[in-house]
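Taking it in order: structure first as structure tokens, then the write-up.
Protein chains: 2
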Amino acid sequence: MPSNLDAQSIAPHPDHDHQACIDSALAAARELCRDKQQKLTKTREKVLQLIWGSHRPIGAYSLMDALAEGEQKRVAPPTVYRALDFLLELGLIHRINSLNAYIGCQDPSHEHHCYFLICTSCNLAVETDPGPFQAAVSQLKQQSGFAIRQQNMEFNGLCPHCRELSE
Amino acid sequence: MPSNLDAQSIAPHPDHDHQACIDSALAAARELCRDKQQKLTKTREKVLQLIWGSHRPIGAYSLMDALAEGEQKRVAPPTVYRALDFLLELGLIHRINSLNAYIGCQDPSHEHHCYFLICTSCNLAVETDPGPFQAAVSQLKQQSGFAIRQQNMEFNGLCPHCRELSE
DNA sequence: TTTATCGTGTTACAATATAACACATCGATG
DNA sequence: CATCGATGTGTTATATTGTAACACGATAAA
């Protein structure tokens, strides 16, 4: 977990030093690619950096727009989707299914399940620890007979900041 | 919960009497619409019935195809999406975000969170009780400061039947 | 009978994602 | 050095999922 998150909450404080988030995410990505002998090409790195531009999920076509900023040519959809597939495969980003959008992974160092808190007002998405849920998951495996391989949780509601604003 | 599910598991047995599932789902829908003073029109009922045609999520365009069977004219997308919106609103169906598909709700009598086990092999989707997860959710609310309003869980893996086949 | 409301039909289009094939780069190997 | 294979990208076209906008029709209340 990045150390510059709000001490009172797992949500990033609106005033936090976000450049530090971006930098540490890119550093982690370079390390992971080195370890797994994968190439973090310019396109892939740029897409990852743009995704880390905020703590809000961003769609593939918004990424295309962002990539086009200051460039002569727009890239075509397959270029972005290939980068996204690569980053997803390595666990550097997650897909938020309810939004058709993508967000940086807080801790790509190991594979893990995908638990997110998503603010319905400002779109902030915060990854959270699946740990506390695993007892219930074990019980469910037993009961259901399913061999559960993947867990995708999306909690929707108001983030601490938007709650204050709405009072 | 329908009574004709596999006694050993919350997953419906491949050989279960599925017509009973359809019938009870439609009966429950009629009752709910009466209670809420909503109209279960022909289109809406037909869509619900088609969704209950299996325990597998079905996409909007597959529903359009199914609606067209034996008819002279195809309905246009808005017709299906309006019916889906109505059924979603009333809680008669759920949307499986990871599949862009829709499935009947096992228990529409009260609002509830959306927890599903989904077989990656045969697409079987089984709704499950959020109860065992709520202690962890409470803890998460405290910790995160989020006002969680909605929970969407999708577990992916192999259903009991496909596990046997894959051995 | 008129009017308001609700549900549907129809056309067009937006948003998200992929298939298929061409080309380019680059390191390994003969 | 030459070339071969693997990987990444460019390009065009298209598939899939979902909505906007406006017209029409039925029904029931005033």
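Heads up: the sequence lines are chains L and X, in that order.
The C-terminal position of the first sequence is numbered 160 in the working numbering, with every residue numbered one higher than the one before it.
The C-terminal position of the second sequence is numbered 160 in the working numbering, with every residue numbered one higher than the one before it.
Here a beta-carbon is modelled for each residue, glycine too, at the ideal position from N, C-alpha and C.
CB contact below 8 Å: residue i versus chain X
i: Phe126(L); result: yes
i: Ala53(L); result: no
i: Leu133(L); result: yes
i: Gly150(L); result: yes
i: Phe79(L); result: no
i: Ser(-4)(L); result: Only weak support exists for where Ser(-4)(L) lies, its pLDDT of 39 falling under 50; the value from the coordinates is given anyway. No - not a single Cβ of chain X is within 8 Å of the one on Ser(-4)(L).
Per DSSP, cross-strand counterpart(s) of residue i
i: Tyr74(X); result: Per DSSP, none; premise fails for Tyr74(X).
i: Arg88(L); result: Tyr95(L)
i: Tyr108(L); result: Met146(L)
i: Leu151(X); result: Ala140(L)
i: Glu160(X); result: Answer is none; Glu160(X) lacks a bridge partner.
i: Glu120(X); result: Phe109(X)
i: Ile51(L); result: Tyr95(L)
Any non-hydrogen atom of the ligand GDP within 7 Å of residue i CB
i: Asp8(X); result: With respect to the ligand GDP, the structure shown offers nothing to examine, as it has no ligands at all.
Cβ of residue i within 8 Å of any chain L Cβ
i: His87(X); result: no
i: Ala172(X); result: Residue 172(X) lies beyond the residue range present for chain X, which begins at -6 and ends at 160; the question has no answer from this structure.
i: Arg156(X); result: yes
i: Ser91(X); result: yes
i: Met146(X); result: yes
i: Ser137(X); result: yes
i: Pro153(X); result: yes
i: Gln99(X); result: no
i: Arg49(X); result: no
Cβ neighbours of residue i in the same chain (closer than 8 Å, five flanking residues each side left out)
i: Glu157(L); result: none
i: Leu(-2)(L); result: At Leu(-2)(L), the pLDDT of 45 sits below 50, so the modelled position is not reliable; the number obtained from the coordinates is stated separately. Contacts found: Ala4, Pro5, His6 and His9.
C-beta atoms of residue i and residue j nearer than 8 Å
i: Val68(L); j: Leu77(L); result: no
i: Gly124(X); j: Ile44(X); result: no
i: Gln132(X); j: Phe148(L); result: no
i: Phe126(L); j: Phe139(X); result: no
i: Met57(L); j: Met146(X); result: no
i: Leu33(X); j: Cys26(X); result: yes
i: Ser137(L); j: Val119(X); result: yes
i: Pro153(X); j: Leu92(X); result: no
i: Ala129(X); j: Ala22(L); result: no
i: Gly63(X); j: Arg142(L); result: no
Cβ-based neighbour list, residue i, same chain, cut-off 7 Å, excluding 5 preceding and 5 following
i: Tyr74(X); result: Ala53
i: Glu24(L); result: none
i: Gln135(L); result: none
Sequence-distant residues of the same chain with beta carbon closer than 6 Å to residue i, five excluded per side
i: Phe79(L); result: Arg37
i: Tyr108(L); result: Thr121, Pro123 and Met146
Exercise for review: Check whether the segment 98 to 114 of chain L touches the segment 33 to 48 of chain L, counting contact only when three or more Cβ pairs, one atom from each stretch, lie closer than 8 Å.
Suggested key: As far as the Cβ criterion goes, the segment 98 to 114 of chain L does not touch the segment 33 to 48 of chain L, which means the pair count is below three.
**Study point:** the segment 81 to 96 of chain X contacting the segment 112 to 122 of chain L, beta-carbon criterion three pairs below 8 Å
**Key:** With a cut-off of 8 Å, the segment 112 to 122 of chain L and the segment 81 to 96 of chain X do not count as touching, because too few Cβ pairs lie within range.
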